[in-house]
Amino acid sequence: MDIIPTIKQACKKYGNDRGRLIDILWEVQNSLGCINEEAMGLIASEIKSHRVEIEGLVSFYSFFSDRQKGKIIIRLCDDIIDRHAGIERIADIFSEELGIGIGETSPDLNFSLEYTPCIGMSDQAPAALINNVVVTNLTPDSARETARQLKKTLDPSKLVTKCGDGNNAHKLVNAMVQNNIRQKGEVLLADGIPAEAGLDNALKKASLDVIQAITDSGLRGRGGAGFPTGEKLRLAQKTEATQRFIICNADEGEPGTFKDRVLLTERASLVFEGMTIAAYAIGSNSGILYLRAEYAYLRPFLESVLENRRKTGLLGKDVRGKKGFDFDIRIQLGAGAYICGEESALISSCEGLRGEPKNRPPFPVEKGYLSKPTAVNNVETFCCIARILDKGASWFAGIGTKASHGTKLLSVCGDCAKPGIYEVPYGIGIDELLKMVEADDPAIVQVGGASGEMVGRTSFGRKICFSDAATGGAVMVFSSHRNVLAIVDYFLEFFADESCGYCTPCRIGIVFLRERIQKVMHGFAEDADLGYLKDLCKTIMMTSRCGLGSSAPKSILNSIERFPLVYSSHLKESKDGFQASFNIQKALDESRRLAKRTSMIYDPVYEDEAD
Amino acid sequence: MDKIIIRIDGAEIKGKPGQTIMQAADDAGIHIPRLCDVEGLEPQGSCRVCTVKVNGRTAASCTQPVADGMEVENDTLEIRNYRRDLVRMLFHEGNHLCPCCEASGRCELQNLAYQLGILQPDKYPYLQPVRPVDASHPDVMLDTNRCIRCGRCIRASIQLDHKNVFGYIGRGINKQVGVNGKNLAQTNVDIHDKAVALGTCPVGCIIQKRAGFFDPIGKRRFDLHPAGTKVEDS
Ligand SMILES: Cc1cc2nc3c(=O)[nH]c(=O)nc-3n(C[C@H](O)[C@H](O)[C@H](O)COP(=O)(O)O)c2cc1C
Ligand code: SF4
Ligand code: SF4
Ligand code: FES
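So the sequence lines, in the order shown, correspond to chains A and B. Take the first sequence: its letters are residues 1 to 611, numbered as in our numbering. Take the second sequence: its letters are residues 1 to 234, numbered as in our numbering.
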């Protein structure tokens with residue numbers, strides 16, 4: 001097959017701009033099924049790049065592949081919640097039905113089967129992505145049925161027979177996903193939020209007054225780090241530049257987080273309204289919504305919302321009739337990399353680079369996308385901005401606690417009867433939340449996802465807010481029959497897979513952490529191994545270049561401190577002075593095999609004596 | 001704003017606007033260990049062995065700009081311990097059989113280990129990668145089994161040679177140095193490129209063919225100036 005025209009067309013669609021490489025690679029992969037060596041070379045020459053650069057990208061993003069994959073790619077969500085919900089059994093069934101193992105592609109090139117980290121559906125686990133189609137609440141029976149149907153129709157879209165609630169049933173979404181909104185609060189999920197009220201108020205003010213209102217409201221970033229939003233906008237606004245950018249971070253990759261999914265589904269217009277207000281505030285004419293590839297099913301719908309806004313003068317030239325304020329938004333699809341949620345890595349990705357964080361300083365507000373001042377904020381933060389401009393800073397500041405203003409959208413999953421979305425004022429106790437979600441035997445609450453904090457029973461009185469138990473949204477509930485070490489091991493596996501590999505401690509150290517945790521799990525560790533772990537955790541946290549490395553060891557330190565009995569019950573005492581991990585029988589196995597006889601010393605019964 | 005005075009382990013030194021802590025320290029004759037940073041290339045900030053504490057918080061000194069009044073901790077037990085761990089990690093990640101390596105004696109990783117008092121890296125498990133050696137090119141050989149991902153070859157090729165012979169591929173523990181083609185022979189690498197010049201690769205990955213083991217033991221680079229007695233001279 002001559003692939004040259006396909007490649008030329010894909011590159012041309014994006015103006016042969018190497019800054020749009022992620023889009024170009026998606027285009028090529030969607031037509032050819034992969035980006036092989038030949039394609040890499042051709043793309044490189046088309047956009048004046050280098051083959052090794054293209055290979056660098058293809059090998060970085062887990063949704064890109066240099067090898068031919070099946071027409072239908074089944075990505076099973078391998079997150080700890082899905083594991084607990086039985087994803088391994090589901091994997092076996094797909095394997096059986098399709099005749100391929102995990103990581104394999106069927107010889108007829110119809111199917112590929114893989115695991116992928118959290119796809120943002122932990123409230124309806126086990127779940128899978130089949131091309132762009134989300135399948136939720138899988139059971140052994142439904143998995144078998146799904147596989148058989150796919151074999152028959154080769155069309156994943158036919159799998160959706162019943163849509164979820166709200167906009168999940170919109171013809172452009174058409175997904176079986178459920179919103180699972182369990183509690184609405186007054187800021188984000190209230191009914192009857194007036195459209196464009198915030199934007200209209202903002203445009204009546206001077207841009208600096210808009211920033212002042214946001215500062216006065218006390219709004220802090222909802223994506224996890226909690227940076228004061230008004231301050232961020234002020235910094236971006238005051239940096240001299242010919243152009244500034246607004247980026248909405250919809251990468252939502254933290255395991256157990258799915259609240260942005262619901263905002264994008266039910267509050268898409270509010271998100272764009274907030275972005276528009278922020279753009280007006282800092283003087284930006286261009287915005288990007290960075291959408292994780294797992295949420296590609298929302299893209300046609302989001303594009304239509306944008307298109308509507310363009311048609312009604314809410315985007316484009318002289319937004320809402322405001323002379324001289326031009327603003328538009330494009331959607332940048334990700335390609336499977338948790339690190340791209342980190343704001344500077346996200347910017348790298350938008351620039352068509354490997355999703356590696358940038359050296360800071362300079363910070364994005366000074367030198368961000370295309371080296372211009374850029375304000376990156378979370379989806380929920382932009383919704384809050386729109387609401388603050390509508391209802392006023394003091395209204396917002398009056399909700400929550402003294403230092404944590406407003407409401408927080410929590411995505412709760414795991415061992416509880418009512419997983420889903422809860423909009424609660426800051427300051428809610430973990431115990432109170434556990435009652436709401438009907439968790440009857442909670443033993444561990446993981447606040448903030450894999451990079452968050454492990455909270456044990458004795459601390460359920462703690463409050464969810466910036467100064468206590470902080471979270472970007474994820475709350476995972478684990479009951480007393482769950483294995484703490486298996487949870488920790490999962491988190492480490494996740495971080496090892498998702499580390500960008502740029503810096504030494506994160507790239508290598510996490511692999512060593514996991515090795516040692518497994519040693520503990522298998523009962524070969526001794527007391528000294530805990531010292532080793534703590535020591536290594538510290539080095540990684542202190543020397544890593546970004547938040548991934550510095551938070552990856554948290555679950556080890558938390559669990560050693562808060563669940564000491566779990567560790568001590570796994571530790572082996574070594575009275576004989578041998579290392580506990582040394583197993584003489586195992587060590588002898590190889591010599592037995594090679595010598596084709598048993599050991600004179602360690603095997604007490606000799607074959608000739610046995611009869 | 002023009003006057004920048006910082007203190008490194010208590011010693012007051014001057015910095016210039018736009019300088020990094022590393023550059024200011026070099027000017028003042030204070031040694032901060034480094035692997036990925038090298039004179040003449042843009043700093044990358046990836047090996048982290050140049051980590052210092054700035055006003056109580058850790059930062060990579062090769063990328064952190066100086067600011068007036070900074071209190072920098074460099075040669076403290078805590079920092080030395082971090083550096084030891086990082087250097088060990090790099091040894092354990094690759095295959096570093098120093099006695100049979102062509103770069104022994106001029107290897108910056110080996111030198112740094114000695115400098116930090118590591119004689120035998122045995123703290124961590126050995127990952128023992130198996131990576132094919134690329135001997136396709138008539139003049140240059142690439143053995144990434146010893147690669148510490150410092151990116152010096154990559155940056156030298158881009159920034160000094162204005163080529164793109166090398167580039168990073170993969171991510172996480174699988175992040176590696178790749179070449180712009182099926183193998184080195186298919187790239188436009190030239191023996192005179194800075195990217196493959198002696199001293200660009202801090203370890204022994206990039207080997208010039210027919211030129212090995214040229215300095216006898218006792219006369220190798222770090223035999224002459226061992227263990228950080230002198231600010232980097234490469
Ligand atoms: C490894 C890593 C992953 C992150 N992932 C996300 C994410 O998925 N969504 C998000 O909004 N912020 C994420 N962040 C935080 C962003 O870097 C950034 O702080 C945030 O987008 C700023 O927006 P906010 O101030 O509105 O929270 C992540 C940070 C790190 C270190
Ligand atoms: S800490 Fe990890 S994710 Fe962050 S830059 Fe270093 S290797 Fe990459
Ligand atoms: S080959 Fe050498 S110079 Fe290049 S990244 Fe590896 S260690 Fe650094
Ligand atoms: S020398 Fe600074 S990080 Fe490598």
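Quick reminder that beta carbons are idealized off the backbone N, C-alpha and C, glycines included.
Original post:
In chain order, what residues of the region 100-132 of chain B put their CB closer than 9 Å to some CB of chain A?
Top reply: Residues of the region 100-132 of chain B with a C-beta atom less than 9 Å from some C-beta of chain A are K123, Y124, P125, L127, listed in chain order.
Original post:
Is A/G448 buried or exposed, if buried means 16 or more other CB atoms sit within 10 Å of its CB?
Top reply: Counting from one through the first sequence, the residue named residue 448 of chain A turns up at place 448. So A/G448 counts as buried.
Subject >> Run of the beta strand (DSSP E) containing A/P442, from where it starts to where it stops >> reply: Counting from one through the first sequence, the residue named residue 442 of chain A turns up at place 442. Looking at the DSSP string, the run of the beta strand (DSSP E) that includes A/P442 is 442-447.
Original post:
Can you tell me where the alpha helix (DSSP H) with A/Y532 in it begins and where it stops?
Top reply: Stepping through the first sequence from its first residue, residue 532 of chain A is reached at position 532. Per DSSP, A/Y532 belongs to the alpha helix (DSSP H) from 527-543.
**OP:** Please name the residue or residues paired with A/K408 in a DSSP beta bridge.
**Re:** Position 408 of the first sequence, counting from 1, holds the residue named residue 408 of chain A. Answer is A/V424, bridged to A/K408.
Original post:
What residues of chain B sit near A/R545, judged by a beta carbon separation below 8 Å?
Top reply: Counted from its first residue, the first sequence places residue 545 of chain A at position 545. Listed by position along chain B, the residues whose Cβ is nearer than 8 Å to that of A/R545 are G45, S46, R48, A60.
Original post:
In this structure, does DSSP put A/S348 in helix, strand or coil?
Top reply: In the first sequence, the residue the question calls residue 348 of chain A occupies position 348. Helix, per DSSP.
Subject >> Sequence-distant residues of its chain with Cβ nearer than 7 Å to B/D161 (five each side left out) >> reply: Counted from its first residue, the second sequence places residue 161 of chain B at position 161. Counting only Cβ-Cβ distances below 7 Å, and skipping sequence neighbours, we find D193, K194, A195.
Original post:
Which residues count as close to ligand 4 when the rule is a CB under 6 Å from any of its heavy atoms, in chain order?
Top reply: Close to ligand 4, as judged by a C-beta nearer than 6 Å to any of its heavy atoms, are the residues B/R34, B/L35, B/C36, B/D37, B/G45, B/S46, B/C47, B/R48, B/V49, B/C50, B/A60, B/C62, in chain order.
Original post:
For B/D233, does the count of other Cβ atoms within 10 angstroms reach 16, so buried, or fall short, so exposed?
Top reply: Looking up residue 233 of chain B in the second sequence gives position 233. In this predicted model, B/D233 has a pLDDT of only 42, less than 50, meaning its place in the structure is not dependable; the value taken from the coordinates is given anyway. Exposed, by the Cβ-count rule.
Original post:
Helix, strand or coil for A/R83 per DSSP?
Top reply: The residue given as residue 83 of chain A occupies position 83 in the first sequence. In the structure shown, A/R83 adopts helical secondary structure according to DSSP, grouped into three states.
Original post:
Should A/V376 and A/I247 be called a contact, given that it needs their Cβ atoms to be closer than 8 Å?
Top reply: For the purposes of this step, residue 376 of chain A is taken as the residue at position 376 of the first sequence. For the purposes of this step, residue 247 of chain A is taken as the residue at position 247 of the first sequence. With contacts defined as CB atoms closer than 8 Å, A/V376 and A/I247 qualify as a contacting pair.
Subject >> B/V87 in three-state terms, based on DSSP >> reply: Taking the first residue of the second sequence as 1, we reach residue 87 of chain B at position 87. Reduced to three states, the DSSP call for B/V87 is helix.
Original post:
Touch check for the region 466-484 of chain A and the region 495-502 of chain A: three-plus C-beta pairs under 8 Å?
Top reply: Remark: fewer than three beta-carbon pairs, one from each stretch, lie closer than 8 Å, so the region 466-484 of chain A and the region 495-502 of chain A are not flagged as touching.
Subject >> 8 Å Cβ cutoff met for A/L264 and A/L302 >> reply: Within the first sequence, numbered from 1, the residue matching residue 264 of chain A stands at position 264. Within the first sequence, numbered from 1, the residue matching residue 302 of chain A stands at position 302. Going by beta carbons, A/L264 and A/L302 fall inside the 8 Å limit.
Subject >> Contact with chain A by B/I173, beta-carbon distance below 8 Å >> reply: The count along the second sequence starts at 1 and reaches residue 173 of chain B at position 173. Yes, its Cβ sits closer than 8 Å to a Cβ of chain A.
Subject >> Exposed unless 16 or more other CB atoms sit within 10 angstroms - verdict on A/A286 >> reply: Translated into the one-based positions of the first sequence, residue 286 of chain A becomes position 286. A quick correction: the sequence has Ser, not Ala, at residue 286 of chain A. So A/S286 counts as buried.
Original post:
From what residue to what residue does the beta strand (DSSP E) around A/C11 run?
Top reply: Counting from 1 along the first sequence, the entry for residue 11 of chain A is found at position 11. Unbroken run through A/C11 is the alpha helix (DSSP H), 4-13; no beta strand (DSSP E).
Subject >> Test: A/G56 CB closer than 8 Å to a CB of chain B >> reply: In the first sequence, the residue the question calls residue 56 of chain A occupies position 56. Cβ-Cβ to chain B under 8 Å: yes for A/G56.
Original post:
Say the cut is 7 Å; is the CB of A/E356 nearer than that to a heavy atom of ligand 2?
Top reply: Taking the first residue of the first sequence as position 1, residue 356 of chain A is located at position 356. A/E356: yes, Cβ under 7 Å from ligand 2.
**OP:** Just mark B/Y114 as buried or exposed, buried being the case when its beta carbon has 16 or more other beta carbons within 10 Å.
**Re:** As a position in the second sequence, residue 114 of chain B is number 114, starting the count at 1. Burial check for B/Y114: the Cβ neighbour count within 10 Å stays below 16, so the residue is exposed.
Original post:
Mind checking whether the beta-carbon of A/C546 lies closer than 7 Å to any heavy atom of ligand 2?
Top reply: On the first sequence, residue 546 of chain A is found 546 positions in, with the first residue counted as 1. Distance from the C-beta of A/C546 to the nearest heavy atom of ligand 2 is below 7 Å.
Subject >> Buried or exposed by the 16-neighbour rule on C-beta atoms within 10 Å, applied to A/E438 >> reply: Within the first sequence, the letter at position 438 stands for residue 438 of chain A. If you draw a 10 Å sphere on the C-beta of A/E438, you find fewer than 16 other C-beta atoms in it, and that means exposed.
Subject >> Distance CB(A/L548)-CB(A/I339) smaller than 8 Å >> reply: Translated into positions along the first sequence, residue 548 of chain A becomes position 548. Translated into positions along the first sequence, residue 339 of chain A becomes position 339. In this structure, A/I339 lies closer than 8 Å to A/L548 by Cβ.
**OP:** Indicate whether A/V477 and A/D415 have their beta-carbon atoms separated by less than 8 Å.
**Re:** Counted from its first residue, the first sequence places residue 477 of chain A at position 477. Counted from its first residue, the first sequence places residue 415 of chain A at position 415. Contact: yes.
Original post:
Which runs of the beta strand (DSSP E), 3 residues or longer, sit entirely within the region 115-145 of chain A?
Top reply: Counting only runs of 3 or more, we get 128-130, 133-135.
**OP:** For the alpha helix (DSSP H) containing A/V484, list its first residue and its last residue.
**Re:** Taking the first residue of the first sequence as 1, we reach residue 484 of chain A at position 484. Boundaries of the alpha helix (DSSP H) harbouring A/V484: 484-498, taken from the DSSP string.
Original post:
Going straight from the alpha carbon of A/K519 to that of A/D489, what length do you get?
Top reply: On the first sequence, position 519 is the one that residue 519 of chain A refers to. On the first sequence, position 489 is the one that residue 489 of chain A refers to. For A/K519 and A/D489, the distance between alpha carbons rounds to 11 Å.
Original post:
DSSP puts B/A60 in a beta bridge; with which residues?
Top reply: Against the second sequence, residue 60 of chain B aligns to sequence position 60. DSSP, once it has assigned bridges, lists B/T51 as partnering B/A60.
Original post:
So is B/L90 in contact with chain A if we call contact Cβ pairs under 8 Å?
Top reply: As a working note, residue 90 of chain B is residue 90 in the second sequence. At least one chain A Cβ lies under 8 Å of B/L90.
Original post:
Hey, quick one: how far does the alpha helix (DSSP H) through A/T374 stretch, first residue to last?
Top reply: Within the first sequence, the letter at position 374 stands for residue 374 of chain A. Annotation for A/T374: no alpha helix (DSSP H) segment contains it, though the beta strand (DSSP E) segment containing it runs 374-378.
Subject >> Buried or exposed by the 16-neighbour rule on C-beta atoms within 10 Å, applied to A/I4 >> reply: One-based indexing of the first sequence puts residue 4 of chain A at position 4. Answer is exposed; the Cβ neighbour count stays below 16.
Subject >> Segment contact, 8 Å Cβ cut-off, at least three pairs: the region 63-82 of chain A with the region 242-258 of chain A >> reply: The region 63-82 of chain A vs the region 242-258 of chain A: in contact.
Original post:
Along the region 36-65 of chain A, what residues have a CB closer than 7 Å to any CB found in chain B?
Top reply: Residues of the region 36-65 of chain A whose Cβ lies closer than 7 Å to any Cβ of chain B, in chain order: H50, R51, V52, E53, E55, G56, S59, F60.
Original post:
If A/S95 sits next to A/G101, beta carbons under 8 Å apart, how far is it from one beta carbon to the other, in whole angstroms?
Top reply: Residue 95 of chain A sits at position 95 when you count from the first residue of the first sequence. Residue 101 of chain A sits at position 101 when you count from the first residue of the first sequence. Confirmed, Cβ separation roughly 6 Å.
Subject >> A/I508 at chain B interface by Cβ criterion, 8 Å >> reply: On the first sequence, position 508 is the one that residue 508 of chain A refers to. Taking Cβ atoms only, chain B reaches closer than 8 Å to A/I508, which makes this a yes.
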